[in-house]
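So the structure is just underneath, and the comments pick up after that.
Numbering (the working numbering), first residue to last: 960 to 1208.
Next comes the structure, spelled out in structure tokens:
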């Protein structure tokens, strides 16, 4: 019985091949596309084109909405009350409300980042000072380490930086409040050991007249880039203020 199965097994591949050939041949179109079929094809093309147009429209709409949202200014900044180290007197943020200020949060025992950023701040301010018609900007250093940054220490520290630099300190609660309003991250270890570093975020904050937050500048920007951006923002803000003054007159 098993010997009679051998020829059938040998013929099996041929039968399979013929069956597959018939299947593929029958699958070939036997006639040209009729008008009804062409109408279906055209309908699919039109529908596909409509979907593409609609997709592009929706894409542009979403992007435009995103751009509008990005134009709005984030809720950064707020009133504060700290100690100005030079005179040892309490100052409020409103005391600077008639001028432009550039804020930086750091600490005097910072080994490299704070000195580098404060030097960059000074260089940027010197560039902005050369722009004719722009008001002077007051640089402000707010310590995030009031435990060690006494007024005496900060007064000595600021001598290495821009001559207009104002240093501010305060209690832990006051410093925590102003840092929170400007969304400044910092973390100092607890304990009695005075030999420690403070981890913190690194930004300059440009505040305009009326205590209005205008712009921030990150660590990745050069002094020239900060200066150019800051000058443009101040010039634009001054134009808007002058326009508002003319409208009120």
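Don't be surprised by glycine CBs; every beta carbon is placed ideally from N, CA and C.
According to DSSP, residue 1158 shares a beta bridge with 1146. Between the stretch 1119-1128 and the stretch 1093-1110, the count of C-beta pairs closer than 8 Å reaches three or more; the two stretches touch. Ranked by how close their Cα comes to the Cα of residue 1077, the residues 1199, 1177 and 1200 have 1177 in first place. The C-beta distance from residue 1160 to residue 1137 rounds to 13 Å, too long to meet the 8 Å contact threshold. Only residues of its own chain outside the window of five on either side were considered, and among them 1158 have a CB closer than 6 Å to the CB of residue 1146, listed in chain order. Contact annotation: residue 1168 and residue 1057 have beta-carbon atoms nearer than 8 Å. Secondary structure at residue 1126: strand, using DSSP grouped into helix, strand and coil. If you check the CB distance, residue 1121 and residue 1065 do not come in under 8 Å. Look at residue 1102 here: in three-state DSSP terms it is strand.
Comparing alpha carbon positions, the residue from 1181, 1135, 1173 and 1207 closest to residue 1195 is 1173. Within the stretch 1034-1063, the complete beta strand (DSSP E) segments of 3 residues or longer fall at 1040-1043 and 1048-1051, listed in chain order. Secondary structure at residue 1097: strand, using DSSP grouped into helix, strand and coil. With distances taken between CA atoms, residue 1093 lies nearest to 1197 out of 1108, 1036 and 1197.
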